[in-house]
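Residue 438, in this note's numbering, is where the sequence shown stops; the numbers in between run on with no holes. Note that the Cβ used here is the ideal one computed from N, Cα and C, for glycine as well. The structure presented is a predicted model; accordingly, all values stated were derived computationally and were not measured. Here is the structure we will look at.
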Amino acid sequence: MNILLLGSGGREHALAWKLAQSPRVEKLYAAPGNPGIAQSAQLVSLDATDHDAVGAFCVENAVDLVVIGPEAPLVDGLGDALRAAGFAVFGPDKAPAQLEGSKGFTKDLCARANIPTAGYVRTSSLEQARAELSKFGLPVVIKADGLAAGKGVIIAETTEQADAALGDMFGGSFGAAGAEVVLEEFMTGEEASFFALTDGKDILPFGSAQDHKCVGDGDTGPNTGGMGAYSPAKVLTPELEAEVIERIIRPTVETLRAEGMPYSGVLYAGLMLTPQGPKLIEYNARFGDPECQVLMMRLEDDLAELLLAVAQGRLAQHGPAPMTDTAALTVVMAAKGYPGAPEKGGAIGGVYADHDAQVQIFHAGTALKDGALIANGGRVLNVTALGKSIGEAQARAYAAVDAINFPTGFCRRDIGWREVERERGA
Ligand code: AMP
Ligand code: GLY
13 MNILLLGSGG REHALAWKLA QSPRVEKLYA APGNPGIAQS AQLVSLDATD HDAVGAFCVE
73 NAVDLVVIGP EAPLVDGLGD ALRAAGFAVF GPDKAPAQLE GSKGFTKDLC ARANIPTAGY
133 VRTSSLEQAR AELSKFGLPV VIKADGLAAG KGVIIAETTE QADAALGDMF GGSFGAAGAE
193 VVLEEFMTGE EASFFALTDG KDILPFGSAQ DHKCVGDGDT GPNTGGMGAY SPAKVLTPEL
253 EAEVIERIIR PTVETLRAEG MPYSGVLYAG LMLTPQGPKL IEYNARFGDP ECQVLMMRLE
313 DDLAELLLAV AQGRLAQHGP APMTDTAALT VVMAAKGYPG APEKGGAIGG VYADHDAQVQ
373 IFHAGTALKD GALIANGGRV LNVTALGKSI GEAQARAYAA VDAINFPTGF CRRDIGWREV
433 ERERGA
């Protein structure tokens, strides 16, 4: 089969690497891709916002499956356009992609389907938002409704901070994404991510991971897209995972289907493991980045066949997706300045040197300049390793990090710390 993969980050490099291992794949195209993806796919220049151009490419190149990596094209309706043109697509249509595109949509769905989540109020009026604030304790969570690249969430410790955050959001600091806001009760507990593939009817559990959102060691500093991840997240025990599927994932899939907007693709549930049980923080309509990198390292299945089965509504014929019992851990090497303005153009050496066979280096924001690899974004490389334990995967990943020469880069040195501490205590 011929596949077109859309996106250019570390998530897409991991997907391309795994797709290229499938004996069923004849031709793998990627747009726009990056120098790492180019090792597994033929890069093509396509504008994902031009739905007709993507469709025309698929016709000309006999594409059998389009895999949409990032959220923006999903929320923009690229899936609908390609499906209408007769193509198999991995990734939801615009209406169900509102699970990621609108936090208010997800909260309302949780309310209709009785899904455990933080109490909330949704409003598009500053006056109403201010009036509702008094109903919440402190801290209170304030979220811009729309896509804000992970930056639209403010945890206000005082009423003054909450008031200022509301003023900022309604004042346009997040653009159209902040025209509506969600106020939420603050939940406490450990966070974990859970992934499930669904074709709108059937559900296939696809593993757990834990992300590290803060830029600095010890979970300090501003939020990022994710500085590292590991899988599995054992804190999500088999019992808790079963509860997440029955109380969160299944009612989501069934409610969307019953309401005429079946969800096809991967559901990425951000969870808070509270003393009252797992609660949904948010949904994403795509694989996590960098969580996808650790899932792909552990997957022992034909990814192309699996994603095609989802796209064609054949998940019922598929057994559980085999994942190794091995642990995987990824360290994000970012350019100095990230998550603010990252330094661009810094030289990167040692990526193509011989690394441990259990290490993969996925490219995120890289580019080639005169044949040499340089930094070209905030998150630049994802140094990913397998191990018998998270601790072993961590040691292997950092050994590879230390063999990379990236003077304008930095990384956290403590990815996986919660689980490594638990392993030490065990
Ligand atoms: P989100 O973009 O909705 O995942 O939020 C980003 C981060 O904010 C989450 O990973 C949590 O750490 C935190 N967060 C969001 N909502 C809540 C909440 N209701 N209670 C506590 N923390 C939250
Ligand atoms: N790593 C967080 C995300 O992909 O949204």
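Residue range of the unbroken alpha helix (DSSP H) whose run includes residue i
i, result
"GLN305", "303-310"
"GLN110", "110-113"
"TYR410", "402-414"
"GLY67", "63-72"
"ARG434", "429-437"
"ALA161", "Counting along the chain, ALA161 falls outside any alpha helix (DSSP H), and DSSP gives it neither H nor E."
"VAL322", "315-323"
"LEU58", "Element bounds for LEU58: n/a, residue is neither H nor E."
"LYS30", "22-31"
"ALA141", "138-145"
Closer than 6 Å: residue i CB and nearest ligand 2 heavy atom
i, result
"ASP231", "no"
"ASP414", "no"
Heavy atom of ligand 1 within 6 Å of residue i beta-carbon
i, result
"ILE293", "yes"
"MET199", "yes"
"ALA130", "yes"
"GLY19", "no"
"GLU196", "yes"
"GLY282", "yes"
"VAL343", "no"
"VAL56", "no"
"VAL71", "no"
"VAL37", "no"
"VAL153", "yes"
"VAL227", "no"
"VAL165", "yes"
Cut-off 6 Å between Cβ atoms - residues of its own chain near residue i, not counting five sequence neighbours on either side
i, result
"VAL247", "GLU202, ALA204"
"PHE117", "GLN110"
"GLU355", "ALA347, LYS348, GLY349, THR420"
"ARG23", "GLY81, PHE299, ASP301, CYS304"
"PRO217", "ALA208"
"GLY103", "ILE80, LEU86, GLY91, GLY277"
"MET273", "ALA107, PRO108"
"ASP105", "GLY91, ASP92"
"ILE167", "PRO151, VAL153"
"THR129", "CYS122, LYS291, LEU292"
"THR338", "LEU398"
"GLU294", "GLY282"
"PRO44", "SER20"
Cβ-based neighbour list, residue i, same chain, cut-off 7 Å, excluding 5 preceding and 5 following
i, result
"ARG36", "MET13, ASP314, ALA316, GLU317"
"ASP223", "SER205, GLY238, ALA241, GLY300, GLU303"
"VAL344", "GLY238, MET239, GLY240, PRO302, ARG391, ASN394, CYS423"
"VAL432", "ILE402, GLY403, GLN406"
"LYS155", "LYS115, GLY164, VAL165, VAL193, VAL194, GLU196"
"ALA174", "LEU145, VAL152, ILE154, ALA168"
Contacting residues, own chain, Cβ-Cβ under 8 Å from residue i (five flanking each side not counted)
i, result
"THR286", "MET199, THR200, GLY201"
"ASP229", "ARG424, ARG425, ASP426"
"GLY235", "According to the sequence as given, residue 235 is Asn; it is not Gly. Closer than 8 Å at the Cβ level, and outside the excluded window around ASN235, lie GLY162, LYS163, VAL165, LYS225, CYS226, VAL227, PRO351."
"THR267", "LEU121, ARG124, ALA125"
"LYS39", "ASN14, ILE15, GLN54, ASN73"
"ALA412", "HIS367, ASP368, VAL371, ILE373, VAL395, ALA397"
"GLY212", "VAL265, LEU268, ARG269, PRO274, TYR275, SER276, GLY325"
"VAL306", "ALA221, ALA241, TYR242, SER243, ALA340, LEU341, THR342, THR396"
Closer than 6 Å: residue i CB and nearest ligand 3 heavy atom
i, result
"GLU139", "This structure simply doesn't include ligand 3; it includes ligand 1 and ligand 2 instead."
Enclosing beta strand (DSSP E) for residue i [first to last residue]
i, result
"GLY19", "14-19"
"ILE127", "ILE127 -> no beta strand (DSSP E), and no H or E assigned at all."
"VAL371", "371-375"
"PHE182", "Not the beta strand (DSSP E): PHE182 falls in the alpha helix (DSSP H), residues 171-182."
"VAL87", "Note, VAL87: premise wrong, no beta strand (DSSP E); alpha helix (DSSP H) at 83-87."
"LYS291", "289-296"
"LYS381", "378-381"
"ARG391", "391-399"
"ALA346", "339-347"
"LYS91", "The question names Lys, but residue 91 is Gly in the sequence shown. It is not in any beta strand (DSSP E) - GLY91 instead sits in the alpha helix (DSSP H) that spans 90-96."
"ALA387", "384-387"
"VAL79", "77-80"
"LEU283", "277-286"
- beta strand (DSSP E) runs contained entirely in the segment 185-266, provided each spans 3 or more residues: Unbroken beta strand (DSSP E) stretches of 3 residues or longer found wholly inside the segment 185-266: 193-197, 202-210, 215-223, 226-228, 232-235, 240-243, given in chain order.
- Message: Tell me which residues pass a beta-carbon proximity test against ligand 2: closer than 5 Å to any heavy atom, given in chain order.
- Response: Residues flagged by the Cβ proximity filter: ASP223, GLY238, GLY300, ASP301.
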